[in-house]
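Numbering (numbering that gives the first Met the number 0), first residue to last: 0 to 624.
Where is the CB? At the ideal position from N, CA and C, for every residue including glycine.
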Amino acid sequence: MTTSDTAVHTQPFQAEVSELLHLMVHSVYSETDIFLRELVSNASDACDKLRYEAIASPSLLGEGDALKIRIIPNKAAGTLTIADNGIGMERQELIDHLGTIARSGTKAFVSKLKEAKDGLGLIGQFGVGFYSAFMVADKIVVVSRRAGESDVWTWTSSGGSGFEIARAGDEEAARVTRGTEIVLHLKDDAKKYLESFEIERIVGAYSDNILFPIELVPEEGEPRQINSASALWQRSKSELTADDYKKAYQQIASAFDDPAMTLHYRAEGRYSYAVLLFAPSTKPFDLFEPNRKGRVKLYVRRVFITDDADLLPGYLRFIRGVVDSEDLPLNISREMLQNNPQLVQIRKAVATRVVSELESLAEKDPENFARIWDAFGAVLKEGIYEDFERREKLLALSRFTTTSGEKRSLKQVIADFKPNQTEIYYLVGDSIERLKSNPRLEAATARGIEVLLLSDPVDAFWTSMPSEFEGKPLKSLSQGDLNLDLIPRVDDKDEAKKDEPEADEAATIAVIKAALGERVSDVKASTRLTSSASCLVADSQGPSRELERILSQQNRGMKTKPILEINLRHPMVGAIAKAQAGSKAVDDLSLLLLEQAQILDGELPEDPAAFAARLNRLVLQGLGA
């Protein structure tokens with residue numbers, strides 16, 4: 000034993016923890032009940048971990064009491080104690096777990112907490128639930144003994160810049176034979192949490208389905224269990240109410256919203272397992288973490304194994320809940336989880352069932368499905384790109400903003416096809432507003448064709464793959480050739496424009512090509528444009544311009560030169576045709592065609608200063624100055 004192990008050791012918090020504690024100590028939230036839910040949840044996790052480790056090392060359980068959680072109010076001392084006889088922590092674990100936040104995205108999370116008017120739903124999602132205790136306590140003492148160890152340690156903090164670690168005294172060591180005891184020295188305005196009825200109310204609301212007994216140890220009377228301590232997912236659906244499911248969801252997912260979808264069933268046959276899954280109605284803050292990890296917990300015969308088993312594909316990572324297998328070995332390792340054939344089959348079956356349930360919800364309860372789509376539509380569309388087997392189903396689930404309205408399904412789009420229309424048309428960009436004014440829509444608008452307006456980053460990826468729905472190909476308006484001639488126009492004004500004279504195609508294109516040089520890969524006469532002078536499109540064999548833009552922002556892929564399409568009936572194109580080839584006016588007008596097309600695509604001209612000078616020159620010429 001070193002001197003540093005035995006002496007009182009003071010250590011500062013990680014910067015993010017200090018910032019988080021500042022928010023907690025200064026009570027930024029109107030509701031403080033969350034602290035008890037989070038501490039009880041942590042105690043439950045500690046019991047789960049011990050039960051799992053004891054599969055390989057039964058001696059860790061020893062001869063002690065059954066796993067449980069105790070809540071002990073002490074009005075005389077003004078303290079509230081939450082104790083468990085779970086796995087416990089050794090000295091370094093106390094420092095690591097209570098002095099730092101390891102989860103990625105913590106800085107963004109703390110920033111979001113500052114902005115939030117009510118952060119109740121955020122705290123549990125980032126593994127920072129312990130610190131919520133500082134909302135009600137001005138001092139916290141943690142005493143812990145790891146299972147199988149003889150040393151007992153205390154961690155003490157008043158929510159300032161740091162904490163102290165010291166060896167526990169004899170009295171504390173005798174009291175904590177295994178597990179962790181958290182003693183909260185409550186603030187004066189938090190003394191209500193010493194009342195038994197308050198404790199029972201909070202446990203009943205948020206922790207009733209914790210699998211371990213929660214005992215209330217009142218100052219007078221006998222200890223009594225105050226939760227049901229049952230695996231709700233193992234119970235029959237007929238026994239449960241909507242409120243039961245809501246409480247289970249909030250406890251399992253560390254959430255405060257209502258579930259928008261609940262899926263509860265038992266699979267029997269070759270493999271037996273129980274499933275209880277929920278779709279949240281609000282977006283978690285870790286939804287777009289790079290690792291795209293799911294948050295479905297794996298149990299084996301009611302024993303918690305891991306929440307890192309990837310039980311659903313990445314595009315369903317917003318689903319929360321539990322899968323409890325009857326057949327997997329209890330001592331299954333993380334390495335075995337990756338390749339276990341039984342788990343592969345469970346993953347496949349559960350993913351299929353979730354997608355099927357979403358289909359049913361979309362049909363029977365469009366309002367709730369709309370809540371899911373608003374929060375997670377961009378995530379679900381990742382599956383169109385990744386999951387070939389379920390692509391058609393995911394396309395059917397997808398809801399789109401189109402030129403005809405919002406939350407339109409592909410079935411609705413096909414039902415409104417125009418005469419002779421055989422393809423579903425779409426346009427990809429960075430915002431709906433910019434897409435609505437995009438000149439590439441003009442030919443489709445003239446024919447009353449409904450066009451999908453796709454503005455999520457994932458849209459550039461899934462549309463890069465050949466796709467069709469119910470036998471109808473999806474066709475980009477910004478890539479490859481386009482021929483809408485067989486679809487009749489509905490706009491008489493545009494029909495009349497067909498009689499307007501066209502500039503000579505071959506001669507005009509040759510002049511513009513000479514002026515633009517290597518800035519474009521080609522110049523073509525457009526079938527997309529009816530009123531605008533020009534637009535940029537991509538070749539049908541390469542990436543779309545939006546996908547190329549996203550990849551270039553990530554320093555991935557090479558930028559290709561676009562194709563410039565021109566409207567031969569536009570006056571500006573006509574002016575180029577009439578001007579003398581090689582003149583300054585031809586060069587200026589040709590470059591302006593390219594640069595205005597770039598601006599309409601949300602890009603800057605290659606040389607903004609030259610563009611401004613060129614535009615000024617042309618304006619002054621038009622004014623006769």
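Counterpart residues of Trp-152 in DSSP-defined beta bridges: Ser-143, Arg-166
Is Ile-423 near Leu-453, with beta carbons less than 8 Å apart? no
I'd like to know whether the C-beta atoms of Gln-250 and Tyr-205 end up nearer to each other than 8 Å. yes
Would you please state the rounded distance, in angstroms, between the beta carbons of Thr-529 and Glu-441? I believe it to be under 8 Å. 4 Å
Pull up the distance between the alpha-carbon of Ser-520 and that of Ser-430, whole angstroms please. 26 Å
Same chain, Cβ closer than 7 Å to Val-135, neighbours up to 5 away in sequence not counted: Thr-31, Phe-34, Leu-183, Leu-185, Lys-186, Ala-189, Tyr-192
Quick one: grab the DSSP three-state call for Asn-41. helix
Run of the beta strand (DSSP E) containing Asn-566, from where it starts to where it stops: Asn-566 -> no beta strand (DSSP E), and no H or E assigned at all.
Extent of the continuous beta strand (DSSP E) to which Glu-405 belongs: 404 to 407
Does the beta-carbon of Ile-383 have 16 or more other beta-carbons within 10 angstroms, so that it is buried, or is it exposed? buried
Ala-350 and Leu-311: beta carbons closer than 8 Å? yes
Can you look up Asp-137 in the DSSP assignment and give me helix, strand or coil? strand
Under the three-state DSSP convention, the category Leu-473 falls into: strand
Anticipated Cβ contact below 8 Å, Val-321 with Lys-296, distance rounded: 5 Å
Using the three-state DSSP reduction, which class does Asp-83 fall into: helix, strand or coil? strand
Beta-carbon within less than 7 Å of Glu-469's beta-carbon, same chain only, minus the 5 sequence neighbours each way: which residues are those? Ile-413
What whole-angstrom Cβ distance do Asn-419 and Ile-486 have, given they're in contact under 8 Å? 5 Å
According to DSSP, is Asp-256 part of a helix, a strand, or is it coil? coil
Cα-Cα separation, Ile-575 to Gln-620: 15 Å
Taking all protein chains shown into account, do 16 or more other C-beta atoms lie within 10 angstroms of the C-beta of Met-464, making it buried, or fewer, making it exposed? exposed
Note down, in chain order, each residue of its chain lying with its Cβ closer than 8 Å to the Cβ of Ser-26, except the 5 sequence neighbours on either side. In this predicted model, Ser-26 has a pLDDT of only 47, less than 50, meaning its place in the structure is not dependable; the value taken from the coordinates is given anyway. If we look at Ser-26 and ignore the five residues flanking it on each side, its Cβ neighbours are Met-134.
The alpha helix (DSSP H) enclosing Gly-320, as first and last residue numbers: Taken as a continuous stretch (DSSP letters only), Gly-320 belongs to no alpha helix (DSSP H), being part of the beta strand (DSSP E) at 319 to 324.
Between the alpha carbons of Lys-435 and Ser-531, how many angstroms are there, rounded? 14 Å
Pull up the CB-CB distance for Arg-301 and Leu-210, whole angstroms please, since I reckon it's below 8 Å. 7 Å
Thr-179: first and last residue of the uninterrupted beta strand (DSSP E) it sits in: 178 to 185
Keeping to the same chain, check which residues put their C-beta closer than 8 Å to that of Gly-203; ignore five residues upstream and five downstream. Ile-225, Asn-226
Are the CB atoms of Ser-539 and Asp-480 nearer to each other than 8 Å? yes
To which residues does DSSP link Gln-337 through a beta bridge? According to DSSP, which records beta bridges pairwise, Gln-337 is partnered with nothing at all.
Spatially closest choice to Asp-458 from Ala-514, Glu-385, Val-489, Arg-446, by CA coordinates: Glu-385
Contact under 8 Å by Cβ, Ala-146 with Arg-177: yes
Delimiting residues of the alpha helix (DSSP H) encompassing Leu-633: Missing from the structure shown is residue 633; the chain here goes from 0 to 624 and no further.
Does Thr-2 pass the burial test, meaning 16 or more other C-beta atoms within 10 Å, or should it be called exposed? Because Thr-2 carries a pLDDT of 45, less than 50, the predicted location of this residue cannot be relied on, and the following value inherits that uncertainty. Exposed, since its Cβ has fewer than 16 Cβ neighbours within 10 Å.
Per-residue burial, Met-571 [other beta carbons within 10 Å of its own, 16 or more giving buried]: buried
Among the residues of its own chain, which have a CB less than 8 Å from the CB of Leu-603, if the five just before and after it don't count? Gln-597
Can you tell me whether Val-353 is helix, strand or coil according to DSSP? helix
Under a three-way DSSP split, which group does Asn-226 fall into? coil
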